[in-house]
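What follows is a short report on a single structure.
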Amino acid sequence: MMTSTEIGAAIASGIDLAILPVGATEQHGPHLASGCDTISAETIAVLASEKSGALVLPGIPYGCSLGHTDKWPGTLSLHPMTLTQVVLECCRWLQKNGIRKVLLLSGHATNDPPLRSAILQLRYEQPECQYATMGLWEISTRARDLYLRDGDDIHANRGETSVLMHLRPEMVRIDKAEDVGDVTPGKVFSYAMPATTPNGVVGRPSESTAEDGEMMVRAIVEDLEDWIEKALAEGWPEIPDACGPVAAE
1 MMTSTEIGAA IASGIDLAIL PVGATEQHGP HLASGCDTIS AETIAVLASE KSGALVLPGI
61 PYGCSLGHTD KWPGTLSLHP MTLTQVVLEC CRWLQKNGIR KVLLLSGHAT NDPPLRSAIL
121 QLRYEQPECQ YATMGLWEIS TRARDLYLRD GDDIHANRGE TSVLMHLRPE MVRIDKAEDV
181 GDVTPGKVFS YAMPATTPNG VVGRPSESTA EDGEMMVRAI VEDLEDWIEK ALAEGWPEIP
241 DACGPVAAE
């Protein structure tokens with residue numbers, strides 16, 4: 001955590017990028033602690049920002065987890081519009097503090113629509129600011145293959161569990177891991193978790209290892225460092241001149 005003076009000095013030095021981790025508090029089956037999405041997003045944001053000095057905010061620990069319903073204990077969900085509003089309020093205050101670039105770093109897949117809705121509103125309200133959002137699993141193609149190797153609609157799977165075994169092993173009860181196959185490939189509709197899994201898990205967490213998690217985290221952090229470097233340097237697009245149709249030869 002930084003003091004007000006330290007934050008002001010960082011912004012005055014030219015650091016105008018802040019990362020806002022957005023996690024979730026939701027069930028992750030019998031083997032993972034319910035706050036793991038928040039821990040993953042916060043920890044990776046901190047690790048990836050060390051080289052550049054980009055500011056990292058305390059994470060939002062609640063996300064849009066309605067798809068998990070109330071079947072299993074441990075889920076606390078915000079309404080999608082509530083999450084959008086929380087992000088809007090945070091980013092408005094960031095703008096008042098002098099931040100002009102914000103990355104919303106999500107640790108939970110169904111946070112994506114509310115976060116993108118917030119960006120649509122912020123681009124209209126704050127045309128001088130730049131916003132982006134991405135999920136942990138989207139940052140690195142190297143890590144994505146490991147995230148998705150045991151299913152498409154994964155949850156508490158081998159990838160997620162391996163990451164936590166590396167970052168916070170005390171949050172993992174690997175002896176309780178139960179594998180559940182992904183039944184969603186080929187389906188045309190999306191389904192809430194109780195319609196696709198008996199225990200809140202999709203994937204093969206029993207195959208998880210801390211070594212896999214270390215490899216995934218390293219890849220994500222390295223690729224996020226590259227993204228931060230580009231984001232800090234990126235100016236506004238140069239709008240090209242309009243031209244008429246090209247005459248046929």
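Numbering-wise, the numbering used here puts 206 at position 206 of the sequence shown, and it's gapless, one number per residue.
Virtual Cβ for every residue (Gly too), placed ideally from N, Cα, C.
Going by beta-carbon coordinates alone, are residue i and residue j separated by less than 8 Å?
{"i": "PRO61", "j": "GLN27", "result": "no"}
{"i": "SER40", "j": "GLY135", "result": "no"}
{"i": "PRO205", "j": "THR133", "result": "no"}
{"i": "GLY200", "j": "GLY29", "result": "yes"}
{"i": "ARG100", "j": "ASP179", "result": "no"}
{"i": "LEU76", "j": "ILE7", "result": "no"}
{"i": "ASP78", "j": "LEU20", "result": "According to the sequence shown, residue 78 is Leu rather than Asp. Their beta carbons are not under 8 Å apart, which means LEU78 does not touch LEU20 by this criterion."}
{"i": "ALA192", "j": "THR3", "result": "no"}
{"i": "ASN111", "j": "ILE11", "result": "no"}
Only counting the same chain, and skipping five residues up and downstream in sequence, which positions put a Cβ closer than 6 Å to that of residue i?
{"i": "GLY159", "result": "LEU146, TYR147"}
{"i": "ALA219", "result": "SER140, ARG142, ALA143"}
{"i": "GLY53", "result": "ILE15"}
{"i": "ALA224", "result": "In the sequence as presented, Ala is not what sits at residue 224; that position holds Leu. Only ALA48, ILE139 meet the Cβ criterion."}
{"i": "THR197", "result": "VAL180"}
{"i": "GLY35", "result": "THR25"}
{"i": "ASP37", "result": "GLY23, ALA24, GLY107, HIS108"}
Which of the three DSSP states is assigned to residue i in this structure?
{"i": "VAL217", "result": "helix"}
{"i": "PRO240", "result": "coil"}
{"i": "VAL131", "result": "Sequence check: residue 131 is Tyr here, not Val. The answer is strand: DSSP assigns TYR131 an E or B state."}
{"i": "LEU32", "result": "strand"}
{"i": "GLY181", "result": "coil"}
{"i": "SER52", "result": "coil"}
{"i": "LEU309", "result": "Here the chain covers residues 1 to 249 and nothing more, so residue 309 does not appear."}
{"i": "PRO114", "result": "helix"}
{"i": "GLY63", "result": "strand"}
{"i": "ILE139", "result": "coil"}
{"i": "SER4", "result": "helix"}
{"i": "SER190", "result": "coil"}
{"i": "PRO21", "result": "strand"}
{"i": "VAL172", "result": "strand"}
{"i": "HIS68", "result": "helix"}
{"i": "HIS166", "result": "helix"}
{"i": "ASP76", "result": "The question names Asp, yet the displayed sequence has Leu at residue 76. DSSP places LEU76 in strand when its eight states are reduced to three."}
{"i": "GLY203", "result": "strand"}
Rounded C-beta distance between residue i and residue j? I'm assuming under 8 Å.
{"i": "GLN126", "j": "GLN95", "result": "6 Å"}
{"i": "ILE174", "j": "ALA48", "result": "Contact doesn't hold; Cβ gap of about 26 Å is too wide."}
{"i": "ILE154", "j": "VAL202", "result": "5 Å"}
Considering Cα atoms alone, identify which of the options is closest to residue i.
{"i": "CYS64", "options": "ILE7, VAL221, TYR131, GLY23", "result": "GLY23"}
{"i": "LEU167", "options": "ALA210, SER52, LEU20", "result": "ALA210"}
{"i": "SER117", "options": "ASN97, GLY35, VAL86, CYS243", "result": "VAL86"}
{"i": "LEU83", "options": "ILE119, MET215, GLU50, GLU238", "result": "ILE119"}
{"i": "GLU234", "options": "TYR191, GLU170, ASP226", "result": "ASP226"}
{"i": "PRO114", "options": "LEU66, ASP241, LEU224, VAL183", "result": "LEU66"}
{"i": "TYR124", "options": "PRO240, ALA177, ARG92, GLY186", "result": "ARG92"}
{"i": "LEU103", "options": "ARG149, PRO240, ALA45", "result": "ALA45"}
{"i": "ALA177", "options": "LEU232, GLU207, GLU170", "result": "GLU207"}
{"i": "PRO169", "options": "GLU214, THR5, PRO245", "result": "GLU214"}
{"i": "TYR131", "options": "ALA231, PHE189, VAL221", "result": "ALA231"}
{"i": "GLU222", "options": "THR5, LYS51, SER13", "result": "LYS51"}
Might you give, ordered along the chain, the residues of its own chain that have their beta carbon closer than 7 Å to the beta carbon of residue i, omitting 5 neighbours on each side?
{"i": "VAL172", "result": "HIS31, LEU32, THR161, LEU164, MET165"}
{"i": "THR43", "result": "LEU167"}
{"i": "PRO194", "result": "THR69, LYS71"}
{"i": "TRP236", "result": "none"}
{"i": "LEU88", "result": "ALA118, GLN121, LEU122"}
For residue i, which residues from the same chain have a beta carbon less than 8 Å from its beta carbon, with the 5 sequence-adjacent residues on both sides left out?
{"i": "CYS90", "result": "LEU20, LEU57, ILE60"}
{"i": "ALA18", "result": "ALA54, LEU55, VAL56, LEU57, LEU94, ILE99, LYS101, VAL102, LEU103"}
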